[in-house]
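*Asks:* Could you have a look at this structure, given as structure tokens, before my questions?
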Amino acid sequence: MDDSAARFIFLFLDGVGLGEAQATNPLAAIAAMPFLTQLLGGPLLARRATCQAGLLLQPIDAILGVPGLPQSATGQTSLFTGCNAPAFMGRHLSAFANGSLRTLIEAHGMFKQVLSLGGSVTHANLYSPAYFEAIAQRRRRYSVGTLLALTAGVPFRMGGGGDRQAAISWDITGEYVNQRGGNVPPLTPAAAGQRLATIGSQHHLTLFECYLPDYAGHSQDKVQIVQVLRLVDAFVESVVAHLQTGVNLVISSDHGNIEDLSHPHHTSNLVPLIVIGPQAIAFQSVQDITGITPKIVELLQVGSNTAPSLYHVL
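In UniProt numbering, the protein residues as written are 1 to 314.
Right, here's the structure in full:
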């Protein structure tokens with residue numbers, strides 16, 4: 001792939017939907033996410049949209065025509081493959097990918113698609129030996145993002161030495177992980193954002209997954225929710241401040257949750273698609289969460305010698 005090809009950082013935020021401006025929506029407060037509020041011309045709310053050179057905010061669908069509330073396993077599979085995973089399964093599947101979803105990930109994972117174009121990909125999340133030991137002992141299961149890398153042969157950032165310095169804990173700062181017995185060198189949101197921007201400049205596609213919003217939404221703890229929103233906002237601000245020329249930041253989610261404190265469950269709300277960078281306007285055609293991966297692949301193909309499209313609708 002041509003070194004001049006566009007580069008994409010895909011920042012996945014678990015459990016962020018677009019709700020109404022009401023007391024039960026913490027995103028309605030300007031102070032909740034001051035950087036994004038200023039950048040987008042207002043809080044992240046339903047029906048707010050913008051499309052201009054270098055910046056796009058577009059509400060997109062996460063239900064995908066399947067009855068019920070959207071869930072993590074099928075939502076993330078849809079995001080990271082471009083396939084309608086709930087339709088494939090006949091239902092929304094929570095938490096972790098099963099064998100059926102793994103077949104979609106193996107065949108259509110965005111890492112594999114970009115690698116087939118001759119591109120460079122990486123998963124910026126920090127992993128630990130303890131995580132894989134727990135999986136081997138059947139105390140944990142693979143996440144969709146982990147399977148995305150595993151099935152594409154993408155090395156995990158396991159920590160130790162310089163590798164640890166070039167990775168980011170899923171909770172951004174390491175605080176949440178360390179409170180629960182982890183051993184992650186602490187980072188400020190600003191330092192974590194700069195690190196992600198640096199990693200993203202070195203690859204055609206970089207994925208970073210943050211599950212904090214969904215954890216906070218399920219907790220119903222208003223203090224924790226405000227802290228999480230401000231942390232994520234500061235992190236995004238730093239990524240944007242350190243984006244290098246030609247790098248695009250793509251932000252989206254698998255389902256709503258944190259935007260509605262009236263209950264601890266997921267929501268049927270649209271989710272945000274935010275794109276910051278030179279390719280932002282190209283994402284205007286994306287209408288639901290299955291559209292992000294094929295759009296990234298399409299834009300990367302422009303800088304590739306590989307034709308025809310690797311994307312297949314499912």
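A virtual CB, placed ideally from N, CA and C, is assigned to each residue, including glycine.
Here the structure is a predicted model, which is why all the values come from computation and not from measurement.
1) Tell me the DSSP secondary structure of ARG230 in three-state form.
2) Cα separation between PRO43 and ARG141?
3) What are the uninterrupted segments assigned as alpha helix (DSSP H) that are 4 or more residues long and contained completely in the segment 79-111, given in chain order?
4) Just how far apart, CA to CA, sit GLN137 and TYR131?
5) For LEU13, list the residues DSSP reports as bridge partners.
6) Note down, one range per segment and in chain order, each alpha helix (DSSP H) of at least 4 residues found wholly within the UniProt domain "Metalloenzyme" (205-301).
7) Sorted by chain position, which residues of the same chain lie with C-beta nearer than 6 Å to ARG164's C-beta, five sequence neighbours on each side aside?
8) Answer with buried or exposed for SER4, where buried requires no fewer than 16 other C-beta atoms within 10 angstroms of its C-beta.
9) Taking only three categories from DSSP, how would you classify ASN178?
10) By Cβ distance, which residues of its chain are closer than 6 Å to ASN25, with the 5 residues on each side in sequence left out?
11) Note the first and the last residue of the continuous beta strand (DSSP E) segment covering ILE60.
12) Since VAL144 is in the alpha helix (DSSP H), which residue starts that stretch and which ends it?
13) Leaving out five residues before and five after ASN84 in sequence, what residues of the same chain have Cβ atoms less than 7 Å from its Cβ?
14) In its own chain, which residues sit with a C-beta less than 7 Å from the C-beta of SER201, not counting the 5 before and 5 after it?
15) At a cut of 8 Å, does the segment 89-96 reach the segment 66-76 through at least three beta carbon pairs?
16) Can you tell me which of ARG139, CYS51, GLY145, GLY119 puts its alpha carbon nearest to the alpha carbon of PHE12?
17) Looking at the unbroken alpha helix (DSSP H) that takes in THR37, where does it start and where does it end?
18) Under three-state DSSP, which class holds VAL66?
19) Quick one: Cα of HIS108 to Cα of LEU147, how far?
20) Quick one: residues in its chain with C-beta nearer than 7 Å to the C-beta of ALA87, no 5 flanking neighbours on either side, listed in chain order?
21) Please report the residue range of the alpha helix (DSSP H) in which GLN194 lies.
22) Check whether the Cβ atoms of ALA192 and ILE168 sit closer than 8 Å, and answer yes or no.
23) Whole angstroms is fine: what's the gap from ASN257's alpha carbon to PRO294's?
24) If I follow the unbroken beta strand (DSSP E) through THR50, where does it start and stop?
25) Write down the C-beta distance between GLN58 and ALA49 rounded to the nearest angstrom, noting that I regard them as a contact closer than 8 Å.
26) Nearest to ASP61 by alpha carbon, out of PHE96, ALA46, ALA53?
27) Is the beta carbon of GLN220 less than 8 Å from the beta carbon of PRO272?
28) Helix, strand or coil: which one does DSSP assign to VAL114?
29) Is there contact between the segment 167-185 and the segment 198-215, where contact requires at least three CB pairs shorter than 8 Å?
*Replies:* Answer, in terms of the structure:
1) helix
2) 35 Å
3) 85-89, 99-108
4) 10 Å
5) CYS210
6) 212-219, 222-241, 292-301
7) Interpretation of ARG164 is limited by its pLDDT of 49, a score under 50 that renders its predicted location unreliable; no figure is taken from the coordinates.
8) exposed
9) helix
10) GLY19, GLU259
11) 55-60
12) 144-152
13) LEU64, SER78, THR290, LEU314
14) ARG7, GLN244, VAL247
15) yes
16) GLY145
17) 34-40
18) coil
19) 12 Å
20) LEU64, GLY65, VAL66
21) 189-200
22) yes
23) 26 Å
24) 50-52
25) 6 Å
26) ALA46
27) no
28) helix
29) yes
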